[in-house]
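*Asks:* Could you have a look at this structure, given as structure tokens, before my questions?
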Amino acid sequence: MRDNLSNIDLRVFLLICIVFLCSLSQVKAETVKVRAATHDGYGRIVFNWPTLVPYEIETVGDQLVVSFSSPIEPSLSGVVQNLSKYLSGATPGADGRSVASTMKEDFDVYGFDMGTTVVVDITDAILTKKAANPNQEAMEEEPFIAPARGPKIKVRSGIHDDYTRIVFDWPSRVPYQLEQTAEQTSITFESPAHIDIASLQDRLPKLISSITSKNTLNGVLVRMEIPESSRTRHFYSGPKVVVDVIKPVSKFSSRKPTKLEGKTLQKNRRNSDKRSNFKTAKEVTEKIPVASIGKPVKLDPSQATVSSQTGKPMALTPPSRKSNGLTEIKKEMASRISQARTVEEFSDSVKRESTVNPTGSDSISVRFDWDEPVAAAVFRRYSYLWIVFDKKINMDLDALKSTAGNIFRSIEQVPHNKASLLRVSTISGINPTIKRDGFTWVLEFRKQPLAPASIIEVAPQPNSPVGARIFLQITEPGGVIKLTDPVIGDNLLVVPVVPLGHGIAKQYNYPQISILPSSQGLVLQPRADDVRVRTLRQGVSMTSSSGLKISKMPKAQLVANIPGVQSNEKDEDKFPTFRALTRMFDLKKWRNASLNTFEEEKQKYQIEAATALSGEREAIRMDLAKLYFSNGFGAEALGIMKIIEEERPQIANSIEFRGLRGAINVLMGRYNDAREELEHKSLDGNDEARFWRAALQAYDGDLFGAASNLRRAAVVIRPYPPALNIQLGTLVAEAAVELGDISRAKKFLKKTIEVGPNPEEMSKLQYVEGRILELSADFEGAVKKWQEVQEGPHRPSRAKAAVAIADLLLEQELIDESSAIQDLEKLRFSWRGDRFEFELLRRLGDLYINVGDYRNGLRTLRQAATHFRDYKEAAEVTQKMIDFFASLYLENKADEMSPITAIALYDEFKELTPPGRKGAEMVRHLADRLVDVDLLDRASELLQDQVEFRLDGVEKARVGAQLALIYIFAQKFEDSTKILDNSSTEGIPVDLSDQRRHLRSRSLMGQGRIEDALALLKEDKTMEADLLRLEMYWNDQNWVQASKTLNSILRTYEAKANQPLDELQAQTILNMGIAMTLSGNERGIDRLRLDYGEAMDDSPFRDAFRLIASPDTFGLISYKSIAGKVKDVKNFQTFLSIYQDRLKARKLSEIN
20 MRDNLSNIDL
30 RVFLLICIVF
40 LCSLSQVKAE
50 TVKVRAATHD
60 GYGRIVFNWP
70 TLVPYEIETV
80 GDQLVVSFSS
90 PIEPSLSGVV
100 QNLSKYLSGA
110 TPGADGRSVA
120 STMKEDFDVY
130 GFDMGTTVVV
140 DITDAILTKK
150 AANPNQEAME
160 EEPFIAPARG
170 PKIKVRSGIH
180 DDYTRIVFDW
190 PSRVPYQLEQ
200 TAEQTSITFE
210 SPAHIDIASL
220 QDRLPKLISS
230 ITSKNTLNGV
240 LVRMEIPESS
250 RTRHFYSGPK
260 VVVDVIKPVS
270 KFSSRKPTKL
280 EGKTLQKNRR
290 NSDKRSNFKT
300 AKEVTEKIPV
310 ASIGKPVKLD
320 PSQATVSSQT
330 GKPMALTPPS
340 RKSNGLTEIK
350 KEMASRISQA
360 RTVEEFSDSV
370 KRESTVNPTG
380 SDSISVRFDW
390 DEPVAAAVFR
400 RYSYLWIVFD
410 KKINMDLDAL
420 KSTAGNIFRS
430 IEQVPHNKAS
440 LLRVSTISGI
450 NPTIKRDGFT
460 WVLEFRKQPL
470 APASIIEVAP
480 QPNSPVGARI
490 FLQITEPGGV
500 IKLTDPVIGD
510 NLLVVPVVPL
520 GHGIAKQYNY
530 PQISILPSSQ
540 GLVLQPRADD
550 VRVRTLRQGV
560 SMTSSSGLKI
570 SKMPKAQLVA
580 NIPGVQSNEK
590 DEDKFPTFRA
600 LTRMFDLKKW
610 RNASLNTFEE
620 EKQKYQIEAA
630 TALSGEREAI
640 RMDLAKLYFS
650 NGFGAEALGI
660 MKIIEEERPQ
670 IANSIEFRGL
680 RGAINVLMGR
690 YNDAREELEH
700 KSLDGNDEAR
710 FWRAALQAYD
720 GDLFGAASNL
730 RRAAVVIRPY
740 PPALNIQLGT
750 LVAEAAVELG
760 DISRAKKFLK
770 KTIEVGPNPE
780 EMSKLQYVEG
790 RILELSADFE
800 GAVKKWQEVQ
810 EGPHRPSRAK
820 AAVAIADLLL
830 EQELIDESSA
840 IQDLEKLRFS
850 WRGDRFEFEL
860 LRRLGDLYIN
870 VGDYRNGLRT
880 LRQAATHFRD
890 YKEAAEVTQK
900 MIDFFASLYL
910 ENKADEMSPI
920 TAIALYDEFK
930 ELTPPGRKGA
940 EMVRHLADRL
950 VDVDLLDRAS
960 ELLQDQVEFR
970 LDGVEKARVG
980 AQLALIYIFA
990 QKFEDSTKIL
1000 DNSSTEGIPV
1010 DLSDQRRHLR
1020 SRSLMGQGRI
1030 EDALALLKED
1040 KTMEADLLRL
1050 EMYWNDQNWV
1060 QASKTLNSIL
1070 RTYEAKANQP
1080 LDELQAQTIL
1090 NMGIAMTLSG
1100 NERGIDRLRL
1110 DYGEAMDDSP
1120 FRDAFRLIAS
1130 PDTFGLISYK
1140 SIAGKVKDVK
1150 NFQTFLSIYQ
1160 DRLKARKLSE
1170 IN
């Protein structure tokens, strides 16, 4: 019976094994149908999976590798044959999860999925994508649209003489937005629905060349192609939405396009639209409007397309009017699809067509200036380059395009309420290298691929404490910016970052989100509505309310089985997995070192060293140094090593000696000495040296940069004695937190606590535990843990915990910035003299500036820059102060302060005045403010310094004239003459030269040098010269010359006989009558009375003029009697009154 049962059990067991093996065979490899076809301008490979499978696409040299998360048995027959233009071979990968293909040339590769189908497109890198056959399968030719939700909406059209009407029959009123660009018109409805446009697509209405619809996360998007010169109008009709496309008006009414031309272009556009719902940048840029055919138009160099003929000049005009429209379109398209220029031609064009911001013979530099730290993102989608900043500002697109020369085909700023988004179409193959100059982002364009300088690590964390998530490890990420790609129509989430050159090298695809390539920042493409993206101090976290569906996707062995392709990972960056670690020194003997036995051990080694033979003494002393090092006595260990080196200098070149001394210096904070030892080439490739180099980098202020190596090489410290293990284990745990690796951080923390830290070491670990809680979104737990640290015995950790609490509460908006300042100010003296104080001062300075306390902000930042000038970040702090100080006065922020405060702030920080034109402009803005409030002495001091030390040439003469005017207002006439002498130069423009002559004349008049003043004006017929002469003649009671000058002024005022007079003309006639009366010019008075008597009766000066011009009083009036009877005597416009009026209307710096 037992034997029978045993046989049954055996059969059951075998049956289970067979079933299990069968299931394994099914899991092992999925047979996937692979189709390939060459279309017009691109080749396509289609993988038809039965289920949704994450994938990655990567090019390595001439290899195109498509990797999947599941095993695959691809059917590759016909792939190479059908794509012979693009591929020379295609084989399954050795890992069983990938397909590797060999490309014949440097092609562009794009990928996307349509449900369970993965599509890979291979396009000519230098060609414009052309339209595919409209009759090809819809699945291959149109982007995937998610299944429709909501009601089915009928769409109707109506054709009228002047417009085409489209009506969307919604059952109830739905919010919508319409946006029209040169390329297309987009209508976004904020409600899910199925837009029934099939009937319109079968027979497109007049003026509409294509119409498509696509479901979005929150509604539906309808896109229409209409003539570029058409405009739209839209409105509600009850619940319905009505869109009218107005008939376009030709720009060249003198010659309408022929019927043939119109049909040709319409057909061309329809064919291009059938391929897909989106266009590449080149397709959009290279449309040829019907109205422009046959009319030469001179183009800006930045608008010129690439010449197709090597070595020949570029054509900057469209075809001539005599050419047939169809012929010219064919020529234009053939020209643009032909071979693009080589690198040498691009270099020539750079030198020929743009001289702005040259950075080399083959590049052009485009600058984006900011006065504060701004995060940036740079990436490509198809042929468009996106440049994104997390601060909103209106860009000067004309200036950017002019700077870029012909490499920018088009540039537009995409509207956004929180960020600055630029979308640029460039010459094919031209991409930027990203640099930074202070707060300025600099993009250097040249012929090169777009790739990040540093790769942001993508870490799937299926078992994170906050649930499954993907974590991207990057410090200082900006906010999450939501945008819609106007070409493709999908939604993107962009996270600009501050660290330079950090981006994603290849695309990562997960069921609910894709991470797209970028050279700066992060670009995320959500595939589900419930994806959540959150920025943290350590990086960017992606989660989903329904649970992120991720697993650790095995990386395809991209290079292991591809002949002739080498790994891009440096040997020194690889860490061993199956071999013994290479070490610099051996500390196993002191693995259990303790202060309880330290004295006994020390004395033993000292006695052995004293009694040993000379040949044995060195090894014993090295052991003694290691004993000191193992117990945390670094200085004593260095002392022993110094004695050893003195007796045998050659030992300093050994790996053990060099490595031990470097490690000791790291823990003692002697970073320069440590760097000299650890960066020696003899330690290259040593695993332990790699760890200590990373520790040095972390302790010297770059924990994030060192974190990956610290985490990877943490195994090095396992045999270390407790004193070292706890200190370095704490550092490794912090590194894991910095990378957002909560699980590893907890493991490191737990192992370090198990070693047995003392109370001070425990405080350090508790601080790290608080950071782990913060990273896990347990903010209340983090604050409680840090409060425990504040009660602990370790002062530096207490201070760090207090800062962490303030930052977290501020980030969660539980306190405002003023409260945070109060909390942080209490810590100013809690821990002094190291990086903590430096970072605290930087943080405080930023907060003070944010709340508008500019003086304390700049004072605090200055302390950080001066007290820690040896830190590499000190230069950044100084530059920030300079940029902000200039912005106060250039961007009118100082106008919010009183003039006294503004000048006091300038006096305290004037060493921050930037050199050159920017600094001069800043000072003149401040001088304008001071003149406005009559603080002439302070304004003159500022401009005096500019004229004497900072300016030259015409600019010096211009500011010198402004300063001379201030001196005249202050009645410092000699100073005015002197500054005009000192600022004189050659080549002064005529207007400025006239102004300076008038000011000099007024200065001489103020000094009583009337003859010299009049001599300067001898040949001067200007109004200003007449006013100066009049004032001098009147004061000198030279009535004959005064009346002549007044007559000249009256002609300038255009007073007409027997015509109404304005007040200024009437005042001048009155003074002219006074001068004539006092000079005895009876005939002149008679003429004046006849010409202007009636008009003067209607002026405010009627009684005064009658008194002066009456024949009965002629010869009986003296100047004194006139002054007593006519209150308006000498109330004429003077030279200075003109400038006073000008200064009321504009600033001092704008008068010349």
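Just add 19 to the spot in the sequence shown (first one is 1) and you have my numbering.
By construction, the Cβ of each residue, glycine as well, lies at the ideal position given by its N, Cα and C atoms.
Quick one: complete alpha helix (DSSP H) runs, 4+ long, within the region 947-1023?
*Replies:* With a minimum length of 4 residues, the continuous alpha helix (DSSP H) runs that stay inside the region 947-1023 are 955-964, 972-988 and 992-1001.
*Asks:* Please go through the region 1023-1067 and give each complete alpha helix (DSSP H) segment of 4 or more residues, from N-terminal end onward.
*Replies:* Correct list: 1029-1035 and 1042-1054.
*Asks:* So, is leucine 657 buried or exposed, given that buried needs 16 or more other C-beta atoms within 10 angstroms?
*Replies:* Within the sequence shown, residue 657 is the residue found at index 638, counting from 1. The residue is buried, with at least 16 neighbouring Cβ atoms inside 10 Å.
*Asks:* Could you say which of Ala1128, Tyr1111 and Met1115 lies nearest to glutamate 1101 if we only look at CA atoms?
*Replies:* Taking the first residue of the sequence shown as position 1, residue 1101 is located at position 1082. Among Ala1128, Tyr1111 and Met1115, the Cα nearest to that of glutamate 1101 belongs to Ala1128.
*Asks:* Is the beta carbon of phenylalanine 710 sitting closer than 7 Å to the one on valine 735?
*Replies:* As a first step, residue 710 is located in the sequence shown; it is residue number 691 there, counting from the start. As a first step, residue 735 is located in the sequence shown; it is residue number 716 there, counting from the start. For phenylalanine 710 and valine 735, yes; Cβs fall inside 7 Å.
*Asks:* For tyrosine 925, is the classification buried or exposed, using 16 other Cβ atoms within 10 angstroms of its Cβ as the cut-off for buried?
*Replies:* Reading the sequence shown from its first residue, position 906 is the one you call residue 925. Classification of tyrosine 925: buried, given that the 10 Å Cβ count is 16 or more.
*Asks:* May I have the straight-line CA-CA distance separating proline 392 from arginine 694, to the nearest angstrom?
*Replies:* For the purposes of this step, residue 392 is identified with residue 373 of the sequence shown, where counting begins at 1. For the purposes of this step, residue 694 is identified with residue 675 of the sequence shown, where counting begins at 1. Straight-line Cα distance between these residues: approximately 30 Å.
*Asks:* For methionine 14, which three-state DSSP category applies?
*Replies:* Nothing about residue 14 can be read from this structure; the chain reaches only from 20 to 1171.
*Asks:* DSSP has methionine 1172 in a bridge; who is on the other side?
*Replies:* No answer is possible for residue 1172: it lies beyond the span of the chain, which begins at 20 and ends at 1171.
*Asks:* Identify the continuous beta strand (DSSP E) that holds threonine 406 and give its terminal residues.
*Replies:* Along the sequence shown, one-based indexing puts residue 406 at 387. Looking at the sequence itself, residue 406 is isoleucine, so the reference to threonine does not match. Residues 403-408.
*Asks:* Check whether the Cβ atoms of glycine 566 and alanine 487 lie closer than 7 Å to each other.
*Replies:* In the sequence shown, the residue the question calls residue 566 occupies position 547. In the sequence shown, the residue the question calls residue 487 occupies position 468. A contact, by the Cβ cut-off of 7 Å.
*Asks:* Is leucine 866 closer than 7 Å to glutamate 844 when the C-beta atoms are compared?
*Replies:* Counted from its first residue, the sequence shown places residue 844 at position 825. Counted from its first residue, the sequence shown places residue 866 at position 847. For glutamate 844 and leucine 866, no; Cβs fall outside 7 Å.
*Asks:* From the DSSP output, in three-state form, read off glutamate 476 for me.
*Replies:* Within the sequence shown, residue 476 is the residue found at index 457, counting from 1. In this structure, glutamate 476 counts as strand in the three-state DSSP scheme.
*Asks:* Whose C-beta lies closer than 6 Å to the C-beta of glycine 1103 among residues of the same chain, with five residues either side of it excluded?
*Replies:* On the sequence shown, residue 1103 is found 1084 positions in, with the first residue counted as 1. So the qualifying residues of the chain are Met1095.
*Asks:* Can the beta-carbon of glycine 522 be found less than 7 Å from the beta-carbon of serine 538?
*Replies:* Taking the sequence shown and counting its residues from 1, one reaches residue 522 at position 503. Taking the sequence shown and counting its residues from 1, one reaches residue 538 at position 519. For glycine 522 and serine 538, yes; Cβs fall inside 7 Å.
*Asks:* By DSSP, does leucine 502 sit in helix, in strand, or in coil?
*Replies:* Residue mapping note: residue 502 aligns to position 483 of the sequence shown, counting from 1. Correct three-state label for leucine 502: strand.
*Asks:* Do you know how far the Cα of tyrosine 908 is from the Cα of histidine 944?
*Replies:* Within the sequence shown, residue 944 is the residue found at index 925, counting from 1. Within the sequence shown, residue 908 is the residue found at index 889, counting from 1. Computed Cα separation, rounded: 6 Å.
*Asks:* Can you tell me the Cα-Cα spacing of glutamine 806 and leucine 792, whole angstroms?
*Replies:* The count along the sequence shown starts at 1 and reaches residue 806 at position 787. The count along the sequence shown starts at 1 and reaches residue 792 at position 773. Their Cα atoms are separated by approximately 13 Å.
*Asks:* If you reduce the DSSP assignment to three classes, tell me which class glycine 1112 lands in.
*Replies:* Along the sequence shown, one-based indexing puts residue 1112 at 1093. Reduced to three states, the DSSP call for glycine 1112 is helix.
*Asks:* Inspect the beta-carbon positions of threonine 121 and serine 107 and report whether they are closer than 7 Å.
*Replies:* Here residue 121 is taken as the residue at index 102 of the sequence shown, counted from 1. Here residue 107 is taken as the residue at index 88 of the sequence shown, counted from 1. Contact: yes.
*Asks:* Contact between the region 925-935 and the region 745-764: three or more CB pairs below 8 Å?
*Replies:* Cβ pair count under 8 Å is below three, so no.
*Asks:* Could you check if isoleucine 2 is buried or exposed, using at least 16 other CB atoms within 10 Å of its CB as the buried criterion?
*Replies:* It is not possible to answer for residue 2, since the shown part of the chain is limited to 20 through 1171.
*Asks:* Return the CA-CA distance between alanine 300 and serine 402, expressed in angstroms with no decimal places.
*Replies:* Within the sequence shown, residue 300 is the residue found at index 281, counting from 1. Within the sequence shown, residue 402 is the residue found at index 383, counting from 1. In this prediction, alanine 300 has a pLDDT of 31, which is less than 50 and means its spatial position is unreliable; what the coordinates show is noted afterwards. One C-alpha to the other measures close to 5 Å.
*Asks:* Ignoring anything shorter than 3 residues, give me the beta strand (DSSP E) runs that lie fully in the region 420-469, in order along the chain.
*Replies:* If we require 3 residues or more, the beta strand (DSSP E) runs fully inside the region 420-469 come out as 427-433, 439-445, 449-456 and 459-466.
*Asks:* Work out the CA separation of serine 218 and glutamine 492 for me, nearest whole Å.
*Replies:* As a working mapping, residue 492 is identified with position 473 in the sequence shown. As a working mapping, residue 218 is identified with position 199 in the sequence shown. Looking at the two C-alpha atoms, the distance is approximately 49 Å.
*Asks:* Can you tell me the Cα-Cα spacing of isoleucine 626 and tyrosine 690, whole angstroms?
*Replies:* If you number the sequence shown from 1, residue 626 lands on position 607. If you number the sequence shown from 1, residue 690 lands on position 671. Whole-angstrom Cα-Cα distance: 33 Å.
*Asks:* By the DSSP assignment, the alpha helix (DSSP H) with arginine 814 in it spans what residues?
*Replies:* For the purposes of this step, residue 814 is taken as the residue at position 795 of the sequence shown. 814-830 is the span of the alpha helix (DSSP H), which, as asked, contains arginine 814.
*Asks:* For arginine 861, name the three-state secondary structure that DSSP assigns.
*Replies:* Walking along the sequence shown from the start, residue 861 turns up at place 842. Helix.
*Asks:* Taking the alpha-carbon positions, what's the tyrosine 718 to serine 727 distance?
*Replies:* The count along the sequence shown starts at 1 and reaches residue 718 at position 699. The count along the sequence shown starts at 1 and reaches residue 727 at position 708. Rounded to whole angstroms, tyrosine 718 to serine 727 spans 14 Å at the Cα level.
*Asks:* Pull up the distance between the alpha-carbon of aspartate 181 and that of proline 267, whole angstroms please.
*Replies:* Against the sequence shown, residue 181 aligns to sequence position 162. Against the sequence shown, residue 267 aligns to sequence position 248. If I take the Cα positions, the gap works out to 9 Å.
*Asks:* Kindly indicate which three-state DSSP category histidine 699 falls into: helix, strand or coil?
*Replies:* In the sequence shown, counting from the first residue as 1, residue 699 sits at position 680. Here histidine 699 sits in coil by DSSP.
*Asks:* In the structure shown, what three-state DSSP assignment does aspartate 140 receive?
*Replies:* Within the sequence shown, numbered from 1, the residue matching residue 140 stands at position 121. Reduced to three states, the DSSP call for aspartate 140 is strand.
*Asks:* Could you compute how far the alpha carbon of arginine 790 sits from the alpha carbon of proline 471?
*Replies:* Within the sequence shown, residue 790 is the residue found at index 771, counting from 1. Within the sequence shown, residue 471 is the residue found at index 452, counting from 1. If I take the Cα positions, the gap works out to 29 Å.
*Asks:* Based on Cα-Cα distance, which residue from Pro258, Tyr195 and Leu226 lies nearest to valine 16?
*Replies:* The structure shown does not extend to residue 16, since the chain is modelled only from 20 through 1171, so no value can be given for it.
*Asks:* Does the beta-carbon distance from glutamine 6 to arginine 551 come in below 7 Å?
*Replies:* No answer is possible for residue 6: it lies beyond the span of the chain, which begins at 20 and ends at 1171.
*Asks:* Using CA coordinates, which residue listed in Lys975, Arg63 and Gln963 is at the minimum distance from valine 137?
*Replies:* Here the question's residue 137 lines up with position 118 in the sequence shown. The candidate whose alpha carbon is nearest that of valine 137 is Arg63.
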